[in-house]
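Sequence lines, in order, name chains A and B. Position 89 (the first sequence) corresponds to 119 in this note's numbering; numbering is contiguous. Position 181 (the second sequence) corresponds to 211 in this note's numbering; numbering is contiguous. Beta carbons are placed, not taken as given, at the ideal position from N, Cα and C, and that holds for glycine. Below: the structure, in C-alpha cells.
2 protein chains.
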Amino acid sequence: MKPFVLIAEDEKAVAELLRYNLEREGYETAIAPDGDEAMIQLDERVPDLVLLDWMLPKVPGIEVCRRIRSKADTANLPVIMLTARTEEADRIRGLDTGADDYVTKPFSTTELMARVRAVLRRIRPALVEDKVTVGDITVDRTTHMVSRNQLDIHLGPTEFRLLDYFIQHPGRVFSREQLLDGVWGSDVYVEARTVDVHVGRLRKALMSRGGDDPIRTVRSAGYSLRGD
Amino acid sequence: MKPFVLIAEDEKAVAELLRYNLEREGYETAIAPDGDEAMIQLDERVPDLVLLDWMLPKVPGIEVCRRIRSKADTANLPVIMLTARTEEADRIRGLDTGADDYVTKPFSTTELMARVRAVLRRIRPALVEDKVTVGDITVDRTTHMVSRNQLDIHLGPTEFRLLDYFIQHPGRVFSREQLLDGVWGSDVYVEARTVDVHVGRLRKALMSRGGDDPIRTVRSAGYSLRGD
DNA sequence: CGGCTGCTTGACACATATGTGACACACGCT
DNA sequence: AGCGTGTGTCACATATGTGTCAAGCAGCCG
C-alpha cells in the first residue's frame with residue numbers, strides 16, 4: 031500500500047510541483063486548495079502524512095493543525111508545515127501547534143522529500159526505503175553515504191541530491207530545468223549551465239573508483255542515470 | 031509534440047471554454063466556427079482529434095464527419111461528436127456517423143477531457159504513451175532511447191524527433207512541408223530538401239542494425255514509416 | 001533509348017551543445 | 001582572522017549535429 035499524502039496548499043503551481051514529486055517517489059496524493067477542503071478530505075480518508083501550508087484560505091494552516099491534533103483518529107498524524115520565509119515566531123508557533131516538521135519556501139524538492147521520508151519513517155518505518163541500489167551504485171539516505179562496488183564515495187550536498195534525484199528514475203532523461211527545479215529548488219535562479227558543472231563533478235566522483243560513466247548525456251535534452 | 035485538437039463549434043462561448051480546458055491540459059487547439067471552415071482547416075493540417083458540433087452552420091456536423099471518413103488521410107481520425115440533447119444523441123448513434131464517441135451538451139469539462147484522453151489512447155497510443163513500438167522499432171520518450179530488435183540505436187536530436195513524428199501515424203505519408211512544420215517548427219526556414227538529408231540519416235541509423243528500410247519514399251509526395 | 005524529374009548521399013563549412021579548469025565568493029569551524 | 005569545503009559562473013576547448021550543395025542515381029514517359 032502506497033503512503034497517502036494530503037497536500038493542503040492553495041497555490042496551484044506549488045501544489046502541482048509537490049504532487050508531481052511525491053507521485054514520482056511512489057506516494058499517492060490528494061490536493062486540498064483551502065482549509066475547509068482539507069478538513070473535509072481528512073474526514074473522508076485519513077492520510078499517512080499532511081503537507082500543510084501556513085497561509086491557507088478559509089481556515090489557516092495553524093488552525094487545521096490544531097483540529098488534526100484534537101481529533102482522536104488523527105492525533106498522531108504526521109504534519110509538515112510549509113511556511114513562507116518569515117519571522118522565527120511563525121516557526122515556533124507552528125511547532126507549538128504540533129507540526130512534526132516545518133519547511134520554509136522556497137524549498138528544494140529533494141530536501142522536502144527527505145523530510146517526508148524522515149517523518150514517515152518515524153511513524154511507519156516499513157513504508158520508506160532508506161537504501162537504494164541501481165547497478166553498482168548504492169545510495170543510503172540515512173547516512174548520506176554513497177558507494178560503488180562497496181567502495182565509499184564522498185559527495186558534496188548538491189552532488190548527493192543530484193544523484194538522489196537521478197536514482198529515483200534510472201534511465202529517465204531530465205532536462206537542466208527539471209534538475210534545477212528538483213534539486214536546487216523551484217524558484218532559485220541559477221544558470222542552467224551550472225547543472226553541467228555539477229554533473230561533471232558527480233561523474234568525476236563516481237568514476238574515482240573505476241568503472242565507466244554512469245551518467246548519460248542526451249544532447250539537447252539533458253542527462254540520465256544509466257539504468258539496468 | 032502536443033496533440034492537436036480541432037474544435038468545430040459555432041457557439042463562441044462553448045468553443046472558448048473547450049479551448050481553455052484543452053490548452054490547460056497541454057493540447058494545441060484551433061477553432062472552426064462553421065462546417066466550411068472546418069473542412070478548410072482539415073485540409074491545411076490534419077489534427078489528432080476533432081470535437082465536432084452536431085449543429086454546425088453551412089455544413090452540418092454529420093456531413094463533416096462523413097467527409098472526414100471518406101478522405102484517405104483522415105479516415106482514421108478520431109472524432110468526438112457534441113450534441114445538444116440526449117434523445118438526439120440516441121438517434122445519432124443509430125445513424126452510425128462514424129464518430130468515435132458522443133458527448134451531450136451541457137457537459138462537464140472534466141468528463142469531456144476524460145473522453146478526449148480515452149479516445150486518443152485508443153486510436154493513437156503513440157500520442158499518450160511513453161514507449162511506442164511499431165514493427166520492430168521501439169521509441170521511448172522518457173529515456174530518449176531507440177532500438178530495433180532489442181539493439182540500441184543512437185539518433186541525433188533531429189532524427190529522434192523525426193522518427194517520433196513518423197511513429198505517431200505509421201503508414202501515413204507526410205510531405206516535406208508537413209515534416210518541416212511538425213519536426214522543425216513552423217517558424218524556422220529551412221530548405222525542403224533538408225528533409226531528404228535527415229530522412230537519409232535516419233534510414234542509415236535504423237538500418238545500421240540490419241533489417242530493411244523502414245521508411246518508404248513516395249515519389250513526389252513525401253515519406254512514410256512502414257506501418258503494420 | 002534519351003531526357004526529364006525527383007531522390008539519395010558524401011562532403012563540408014558552420015552552428016550549437018557539452019566538458020572542464022580556474023576563480024571568486026560564501027559559509028561554518030577553530 | 002585564517003582555514004577548508006563547497007558553489008556558481010565564466011571562458012575556452014571539444015564534440016556533435018545541422019543545413020546546403022552538387023554530383024550521381026533511379027524511376028517514369030514518350
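Check                                                                                                                     : Outcome
Segments assigned alpha helix (DSSP H), at least 4 residues, entirely inside the stretch 186-236 of chain A               : 187-198 and 206-209
Nearest-angstrom Cα separation, counted from residue 57 of chain B out to residue 278 of chain B                          : In the structure as shown, chain B begins at 31 and stops at 258. Residue 278 of chain B is therefore absent and cannot be evaluated.
Proximity of residue 133 of chain B and residue 203 of chain B at Cβ, strictly below 8 Å                                  : no
Straight-line gap, residue 82 of chain A to residue 33 of chain A (C-alpha atoms, nearest Å)                              : 16 Å
Residue nearest to residue 194 of chain A in terms of C-alpha spacing, selected from A:135, A:212 and A:207               : A:212
Proximity to residue 77 of chain B [Cα-Cα], best of B:40, B:255 and B:61                                                  : B:61
N-terminal and C-terminal residue of the beta strand (DSSP E) that residue 255 of chain B is part of                      : 252-255
Neighbour flag for residue 174 of chain B against chain A, beta carbons, 8 Å                                              : yes
Top-ranked residue by Cα proximity to residue 150 of chain B, from B:43, B:37, B:243 and B:79                             : B:79
Exposed unless 16 or more other CB atoms sit within 10 angstroms - verdict on residue 74 of chain A                       : exposed
Simplified DSSP assignment, three categories, for residue 42 of chain A                                                   : helix
Interface partners of residue 186 of chain B on chain A, CB under 8 Å                                                     : 249
Coarse secondary structure for residue 139 of chain B, derived from DSSP in three states                                  : helix
Three-state secondary structure assigned by DSSP to residue 33 of chain A                                                 : coil
Cutoff 7 Å; reference residue 246 of chain A; Cβ partners in own chain excluding five residues on either side             : 253, 254 and 256
C-beta contact flag for residue 181 of chain A and residue 192 of chain A at 8 Å                                          : no
Beta carbon proximity, residue 254 of chain A to chain B, threshold 8 Å                                                   : yes
Residue 201 of chain A: contacting residues in chain B (beta-carbon distance under 8 Å)                                   : 172, 173 and 175
Enclosing beta strand (DSSP E) for residue 58 of chain B [first to last residue]                                          : 58-62
Sufficient close CB pairs (3 or more, under 8 Å) joining the stretch 230-237 of chain B to the stretch 172-190 of chain B : yes
First through last residue of the alpha helix (DSSP H) which encompasses residue 68 of chain B                            : 65-74
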